[in-house]
Ligand code: GLC
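In this note's numbering, the protein residues as written are 5 to 437.
Below you can see the structure in the form of structure tokens.
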């Protein structure tokens, strides 16, 4: 098992972290199932940097299962990080999309082949945790929830940080039910995910909803504005054209298809350009669009230069600011929906697909418009109203920026997680809130 210390400094000497002995809250070890910067990892980055800045905050160490943008960003932020890489066979193991007896059998066979590597990984993780003796182990990602429950030292408390719905995951729901006694508390990114966890395993461990944060110093109404037309390689549209966009990974359930269908339903006389701000971040498989496939779909709808594809955009805030309307179109209930919170923080008019945690982020008609998931006609009618009415866009955007400041601050997020950690250490467990 190869271990790579991505950050050479000791926790005591790293800026923003404190020595375990000198810290009131002891050491928190976070386990991340991924080294990329998807939603859950960005939240982990916010959490560790937010806690590092709080008075009496804990010493912190992140153990990541792969190197990548997450580990590099943690290094830059001065958070201690160690990579304990998944063996490849374990990295490929997942229950996403597993359905029916055939799927379960296949997964069982793959899991059986992975057992020796898994045991090796577990032993290495257990050794690392024993050596650091954390007060709290805080896991991110289903595989890490399982491994954390099996590897945590007897004296450590365990927090499962849930970013996704559990009850519908055929294998994981069973695994977590089996292991739930080893977990002290689950933090859920929305009430909706907390309710789902309760359905999955009952009242213990309690599931406490803590809404994510966004970095309000970056995601704000003023700042640099991206040139989306240049990024997409197309001519600037006529003055007064309203820009609407979907900013999402290429996962099919993010609803690009619904978005494009809705754009195709808009009256031709409206001056509007639609942008697909997505690039291939992960390897393409059946659950993701290939960009060419999406382009072909757009031209089959006759969209022509009404739609532009920018590819992946590294600087999300400047993209948000370039759009008049940001569309969230997920076809499945969204556990939280970081893009919604980010667009709101940038003062954009947002249309969201009203299911799951997404509905907890804004108020329908005040700080966003709620649409019916998978319904292109409903989405088109919201878009038409927004394209025709600049005052409505203005009003929604202003209310969204105010709501975002109140709901999504890093300070509120770090404090609420710190409260959960502290209640564990003082033995007063919070009930589901
Ligand atoms: C997961 C969820 C997404 C959420 C993110 C951060 O990726 O699917 O809804 O925004 O985690 O919690």
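Even glycine gets a Cβ: it sits at the ideal position worked out from N, Cα and C.
Nearest residue (CA-CA) to residue i, options the options
| i | options | result |
| --- | --- | --- |
| residue 208 | 221, 194, 185 and 218 | 185 |
| residue 230 | 214, 221 and 249 | 249 |
| residue 273 | 246, 200, 128 and 219 | 246 |
| residue 31 | 360, 44 and 160 | 160 |
| residue 73 | 61, 296 and 45 | 45 |
| residue 319 | 224, 112, 147 and 153 | 224 |
| residue 114 | 128, 323 and 95 | 95 |
| residue 238 | 277, 213 and 216 | 277 |
| residue 293 | 253, 324, 124 and 235 | 253 |
| residue 173 | 234, 108, 372 and 218 | 108 |
| residue 425 | 88, 409 and 214 | 214 |
| residue 359 | 196, 118 and 409 | 196 |
| residue 146 | 104, 176, 311 and 384 | 176 |
| residue 128 | 110, 259, 89 and 395 | 89 |
| residue 301 | 262, 328 and 226 | 262 |
| residue 371 | 384, 350 and 380 | 350 |
| residue 311 | 400, 321 and 270 | 270 |
| residue 121 | 92, 219, 362 and 407 | 92 |
| residue 76 | 38, 403 and 58 | 38 |
Euclidean distance between Cα positions of residue i and residue j
| i | j | result |
| --- | --- | --- |
| residue 106 | residue 366 | 41 Å |
| residue 12 | residue 136 | Residue placement at residue 12 cannot be trusted, given a pLDDT of 37 that sits under 50; the coordinates are not used to answer. |
| residue 480 | residue 190 | Because the chain is modelled from 5 through 437, residue 480 falls outside the range shown and cannot be assessed. |
| residue 228 | residue 156 | 45 Å |
| residue 63 | residue 56 | 8 Å |
| residue 21 | residue 60 | Confidence in residue 21 is poor, its pLDDT being 39 and thus under 50, which makes the residue's placement too unreliable to answer from. |
| residue 71 | residue 171 | 30 Å |
| residue 419 | residue 54 | 9 Å |
| residue 303 | residue 87 | 44 Å |
| residue 423 | residue 353 | 33 Å |
| residue 25 | residue 210 | Per-residue confidence for residue 25 stands at a pLDDT of 41, beneath the threshold of 50, marking its modelled position as unreliable; the derived number appears in the next sentence. Rounded to whole angstroms, residue 25 to residue 210 spans 29 Å at the Cα level. |
| residue 179 | residue 125 | 18 Å |
| residue 68 | residue 119 | 20 Å |
| residue 204 | residue 181 | 7 Å |
| residue 378 | residue 333 | 7 Å |
| residue 34 | residue 81 | 15 Å |
| residue 241 | residue 216 | 36 Å |
| residue 266 | residue 345 | 22 Å |
| residue 411 | residue 347 | 13 Å |
| residue 236 | residue 328 | 17 Å |
| residue 111 | residue 104 | 11 Å |
| residue 398 | residue 380 | 24 Å |
| residue 212 | residue 152 | 19 Å |
| residue 368 | residue 226 | 24 Å |
| residue 275 | residue 244 | 7 Å |
| residue 2 | residue 148 | With the chain covering only 5 through 437, there is no way to say anything about residue 2. |
Distance CB(residue i)-CB(residue j) smaller than 7 Å
| i | j | result |
| --- | --- | --- |
| residue 341 | residue 316 | no |
| residue 382 | residue 376 | yes |
| residue 323 | residue 281 | yes |
| residue 279 | residue 356 | no |
| residue 36 | residue 144 | yes |
| residue 193 | residue 337 | no |
| residue 2 | residue 83 | Here the chain has residues from 5 to 437 only, and residue 2 is not among them. |
| residue 199 | residue 169 | no |
| residue 47 | residue 66 | no |
| residue 257 | residue 335 | yes |
| residue 307 | residue 268 | yes |
| residue 251 | residue 141 | no |
| residue 298 | residue 260 | yes |
| residue 428 | residue 219 | no |
Any non-hydrogen atom of the ligand GLC within 6 Å of residue i CB
| i | result |
| --- | --- |
| residue 223 | no |
| residue 216 | yes |
| residue 338 | yes |
| residue 151 | no |
| residue 349 | no |
| residue 424 | no |
| residue 44 | yes |
| residue 332 | no |
| residue 144 | no |
| residue 197 | no |
| residue 47 | yes |
| residue 168 | yes |
| residue 365 | no |
| residue 342 | yes |
- Query: Which full runs of the alpha helix (DSSP H) of 4+ residues lie inside the region 289 to 314, going along the chain?
  - Reply: 295 to 304
- Which full runs of the beta strand (DSSP E) of 3+ residues lie inside the region 240 to 265, going along the chain? 246 to 251
- Message: In chain order, what are the residue ranges of uninterrupted beta strand (DSSP E) at least 3 long that sit wholly in the region 329 to 400?
- Response: 329 to 331, 353 to 357 and 373 to 375
- Task: Identify every run of the beta strand (DSSP E) within the region 145 to 233, keeping only runs that are complete inside it and at least 3 residues long; order them along the chain.
- Result: 161 to 166, 189 to 192 and 211 to 213
- Message: List, from N- to C-terminal side, the alpha helix (DSSP H) runs of 4 residues or more that fit wholly inside the region 63 to 135.
- Response: 73 to 81 and 92 to 95
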